[in-house]
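Colleague:
Number of protein chains: 2
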Amino acid sequence: MPALRFPERLARLQTALRRRKLSALLVTQPGNRNYLSGYSALDHGIQESSGVLLVPARGTPYLLTDSRFYLQAAEEARGFTVQLYPHGLIAFLRKLLPQLGIRRLAFESHYMLHATAARLQKTARGLDLELQPVTEMVERLRVVKSEDEIEALRASVRLNEQVFQEVYPAVKPGMTELEVALALETTMRRLGARGPSFETIVAFGPNAAKPHAVPTDRTLAPGEMVLIDMGLVLNGYCSDMTRTFVVGRPTQTFIDRLRVVRRAQLAGMNAIRAGVTCREVDLAARAVIRDAGYGKFFGHALGHGVGLDVHENPLLSSRSRKQLRSGMVVTVEPGIYLPDWGGIRLENMVVVRDHGCELLNNDLTFL
Amino acid sequence: MPALRFPERLARLQTALRRRKLSALLVTQPGNRNYLSGYSALDHGIQESSGVLLVPARGTPYLLTDSRFYLQAAEEARGFTVQLYPHGLIAFLRKLLPQLGIRRLAFESHYMLHATAARLQKTARGLDLELQPVTEMVERLRVVKSEDEIEALRASVRLNEQVFQEVYPAVKPGMTELEVALALETTMRRLGARGPSFETIVAFGPNAAKPHAVPTDRTLAPGEMVLIDMGLVLNGYCSDMTRTFVVGRPTQTFIDRLRVVRRAQLAGMNAIRAGVTCREVDLAARAVIRDAGYGKFFGHALGHGVGLDVHENPLLSSRSRKQLRSGMVVTVEPGIYLPDWGGIRLENMVVVRDHGCELLNNDLTFL
Chain U
0 MPALRFPERL ARLQTALRRR KLSALLVTQP GNRNYLSGYS ALDHGIQESS GVLLVPARGT
60 PYLLTDSRFY LQAAEEARGF TVQLYPHGLI AFLRKLLPQL GIRRLAFESH YMLHATAARL
120 QKTARGLDLE LQPVTEMVER LRVVKSEDEI EALRASVRLN EQVFQEVYPA VKPGMTELEV
180 ALALETTMRR LGARGPSFET IVAFGPNAAK PHAVPTDRTL APGEMVLIDM GLVLNGYCSD
240 MTRTFVVGRP TQTFIDRLRV VRRAQLAGMN AIRAGVTCRE VDLAARAVIR DAGYGKFFGH
300 ALGHGVGLDV HENPLLSSRS RKQLRSGMVV TVEPGIYLPD WGGIRLENMV VVRDHGCELL
360 NNDLTFL
Chain G
0 MPALRFPERL ARLQTALRRR KLSALLVTQP GNRNYLSGYS ALDHGIQESS GVLLVPARGT
60 PYLLTDSRFY LQAAEEARGF TVQLYPHGLI AFLRKLLPQL GIRRLAFESH YMLHATAARL
120 QKTARGLDLE LQPVTEMVER LRVVKSEDEI EALRASVRLN EQVFQEVYPA VKPGMTELEV
180 ALALETTMRR LGARGPSFET IVAFGPNAAK PHAVPTDRTL APGEMVLIDM GLVLNGYCSD
240 MTRTFVVGRP TQTFIDRLRV VRRAQLAGMN AIRAGVTCRE VDLAARAVIR DAGYGKFFGH
300 ALGHGVGLDV HENPLLSSRS RKQLRSGMVV TVEPGIYLPD WGGIRLENMV VVRDHGCELL
360 NNDLTFL
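Each protein sequence line maps, in turn, to chains U and G. Okay, so the first sequence: first residue is 0 according to numbering that gives the first Met the number 0, each after it adds one. Okay, so the second sequence: first residue is 0 according to numbering that gives the first Met the number 0, each after it adds one.
Put into structure tokens, the structure is as follows:
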């Protein structure tokens, strides 16, 4: 992708900062950090940051980190001044902010710990500095993907499909959920992914009734359902896909329920185009499941955005009245989950376009 | 491990709550949640909680989660009342807290987003509820491990050593960092680990100068150094270990520097016993490196606690005057990192005992 993108993204953020009369934004969320700077380090949890960006409303942005990450930061974040905070971020900001003349500092309220914000507030009181919590200023820029980003997401989805196709024929009765998950994640890495974009879900039979099942050492029995929810990270961009199938002969009940979920998925995809609300899309799919009598067994939202993070805006939820925009990339993943029986979920990724949606997956054949 | 441990842990926390005149604690940190309840789900980042505990100062504790995690929560958190929050945590608390007569609610300031705390504060104002940010109430209980936990950590360390020993002979010139990392993580899973306890670090030659290097497709040249920092999760408990070695003939410089790091590690281990401060241990190791002329190339703390989380208290840092206590489990991991040349780090895990420390690793042979 062209190196130009970072200056453009920064310029858009700086314009937004000036419009809101903010002197600078402290960017703590790892995906936001990566989007603006190219610095791709992950946090080992929010309690162990691998650095923050300080983006002033005008002029050169800073990347502040510690010695463990200095070389990577300097290599990746070319347009940024990289500085180390040997005694922690807050102590460093106490010196840097007055030097830069920052008076109104915004921070990411949705990715800063209460304890950190409290310490920052204490520092601000001593500096004649006004703190402004903001939410999702950078996420708003990220929600509509450029064609370069869509191409990167398409490549991620394709590799994910390829991994599934390689492992699928090897799934046989007697294998454990853990073995299948391991085969999937090993294949991802062997084929060039950085790794899974989330903990791979492999659930057999009744375990599939847990939408977020953790793989166990349960072995697959003939005729049992297999639910696989998998994604990978390729060149920074995530994929996310779910398949549910049976090795051997499915029961008529399984076939019937799978068809309900598939029809719900198609109804959701058919409802997607720029200008439609998230709620309308969710309800289009949900109505199919409800009319088939499974309404109370579909407890989660229909889908979510995907990009540098595997879960991004927008959320395709019956409670969201936000409108879809062309260039958003979302999952469509209806499911029904019946305790003791199992669960079926089908998930694809699509690009929102002006007059419909573009399917990034490649699931032409189906039951 | 005996099921008794959860009631005991809860009782200790409830005593601490009553002593501080708190009506309840909202437990959001995943390791704390697991420690108190046995509920082992991880968060997909802090923005996507898989549930919280509400532990009142007296009586039955609650586990609040959403429908995706209900079955797992009910299976694992036996002593807890599991309830779902279909419209989110805050909306649910608005009803539950008054029912339970909770007037002073503590929350984990070090594991709650500023945005979430702000919403909770808004709710509290409508309820005559006082909010009290606290830090590390549960971590304080976790910092000293029981003998059962030490046995679980020992098993985790042993499996980690076994994984290293299986992969080590296969590391040959021409392999990439990514291939070695993949072999390690695959072997972990094949031998029964849940997975790595952090992103495995494999760094060749100059890449080893980055203490938190991310594996790349760089291939190993004969005589280059190999730094591997790896850990796994077994039965919930983490291990963490670093080895640095050369395939082929090491240079005298490498041997000399490795010996400096090894002497520093032994000095650190020798300094460890109950009653000594973290600072003293860090400085005992740091002095060896400084006296050898590498002081400014050892930028991080000497070690950290390990348990259900891979990074726990205490931090063996020159800035910490906290005392070690018998039953703490810590890493001892000095290193020197020279840009363009590479880096050497050696890391073991030890149990703090009254009169010294017990090595959990098994690294008798050494250069």
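Ideal Cβ positions, reconstructed from N, Cα and C, are used throughout, including at glycine. None of these values were measured; they are calculated from a predicted model.
1. Name, please, each residue of chain U whose Cβ falls closer than 8 angstroms to the Cβ of S108(G).
2. What are the start and end residues of the beta strand (DSSP E) that includes R103(G)?
3. When you compare the CB positions of F203(G) and E184(G), do they come within less than 7 angstroms of one another, or not?
4. With 16 other CB atoms within 10 Å as the buried threshold, where does I227(U) fall?
5. Which residues in chain U sit within 7 angstroms of T185(G), going by Cβ to Cβ distance?
6. Counting only Cβ pairs nearer than 8 angstroms, list the residues of chain G close to L177(U).
7. Would you mind reading off the limits of the beta strand (DSSP E) that contains L233(G)?
8. State whether the stretch 327-343 of chain U contacts the stretch 284-300 of chain U, with contact taken as three or more CB pairs (one from each stretch) at a distance under 8 angstroms.
9. Under the three-state reduction of DSSP, which class applies to H303(G): helix, strand or coil?
10. Tell me which residues share the same chain as R262(U) and place their Cβ nearer than 6 angstroms to its Cβ, disregarding the 5 neighbours each side in the sequence.
11. Can you give the Cα-Cα distance for E349(G) and L152(G), rounded to whole angstroms?
12. So that I know if they touch, is there some Cβ in chain G lying closer than 7 angstroms to that of L366(U)?
13. Please tell me whether M0(U) has its Cβ less than 7 angstroms away from any Cβ of chain G.
14. DSSP has L337(G) in a bridge; who is on the other side?
15. Which residues of the stretch 201-214 of chain U have a Cβ closer than 8 angstroms to any Cβ of chain G? Give them in chain order.
16. Over what stretch of residues does the beta strand (DSSP E) that includes L219(U) continue unbroken?
17. Listed from N- to C-terminal order along the chain, which residues in the stretch 40-60 of chain G have their beta-carbon within a distance smaller than 9 angstroms of any beta-carbon of chain U?
18. What residue does the beta strand (DSSP E) around P168(G) start on, and which one ends it?
19. Relative to the C-alpha of N159(U), which residue among L190(U), T175(U) and E135(U) is closest?
20. How long is the line joining the alpha carbons of G87(G) and G50(G), rounded to whole angstroms?
21. Given this structure, state the Cα-to-Cα distance separating R4(U) from L358(G), to the nearest angstrom.
22. Looking at the secondary structure, which residues open and close the alpha helix (DSSP H) in which G37(G) lies?
23. Got a sec: is the Cβ-Cβ distance from L359(U) to anything in chain G below 7 angstroms?
24. Taking only beta-carbon positions, decide if E7(U) is within less than 7 angstroms of chain G.
25. For the stretch 61-90 of chain U, list every residue whose C-beta sits within 9 angstroms of some C-beta in chain G, in sequence order.
26. Alpha carbon to alpha carbon, how far is A207(U) from T364(U)? Give it in angstroms, no decimals.
27. Could you pull the DSSP bridge partners for G294(U) from this structure?
28. Consider the Cβ of E346(G): report whether some Cβ of chain U lies at a distance smaller than 7 angstroms.
29. Distance cutoff 7 angstroms, beta carbons only. Does G267(U) sit that close to anything in chain G?
30. Can you list, in chain order, the residues of its chain with a C-beta nearer than 8 angstroms to that of P1(G)? Leave out the 5 residues immediately preceding and following it.
31. Would you call the CB atoms of T27(G) and E107(G) closer than 7 angstroms?
32. For the pair the stretch 108-123 of chain U and the stretch 292-301 of chain U, tell me if three or more CB-CB distances fall below 8 angstroms.
33. In angstroms with no decimal places, state the Cα-to-Cα distance between V245(U) and V305(U).
34. I'd like to know whether the C-beta atoms of P451(U) and F79(U) end up nearer to each other than 7 angstroms.
35. Given R320(U), which residues of its chain have a CB within under 8 angstroms of its CB, disregarding the five upstream and five downstream residues?
Modeller: By the coordinates alone:
1. L112, H113, A114 and A117
2. R103 to E107
3. no
4. buried
5. L181 and T185
6. R188
7. L231 to L233
8. yes
9. strand
10. V287
11. Before going further, note that residue 349(G) is Val rather than Glu in the sequence given. Cα-Cα distance, rounded: 10 angstroms.
12. Caution applies to L366(U), whose pLDDT of 48 falls short of 50 and renders its modelled position unreliable; the value that the coordinates give is listed next. Not one chain G Cβ lies under 7 angstroms of L366(U).
13. Residue confidence for M0(U) is low, a pLDDT of 44 falling below 50, so the modelled location carries little weight; the figure read from the coordinates is stated next. Chain G contact via Cβ: absent.
14. G341(G)
15. A208, K209, P210, H211, A212 and V213
16. Run containing L219(U): none; DSSP gives neither H nor E here.
17. A40, L41, D42, H43, G44, I45, Q46, E47 and S49
18. Where P168(G) is concerned, there is no enclosing beta strand (DSSP E), given that its DSSP letter is neither H nor E.
19. L190(U)
20. 10 angstroms
21. 51 angstroms
22. First-last for G37(G): undefined, no H or E at that position.
23. no
24. no
25. D65, S66, R67, F68, Y69, L70, Q71, L83, P85 and H86
26. With a pLDDT of 48 at T364(U), under the threshold of 50, the modelled position of that residue is not reliable, and the figure given next carries that caveat. Those two C-alpha atoms are separated by around 22 angstroms.
27. Its beta-bridge partners do not exist; DSSP assigns none.
28. no
29. no
30. Because P1(G) carries a pLDDT of 43, less than 50, the predicted location of this residue cannot be relied on, and no value is offered for it.
31. yes
32. no
33. 28 angstroms
34. Since the first and last residues shown for chain U are 0 and 366, residue 451(U) lies out of range.
35. T276, C277 and R278
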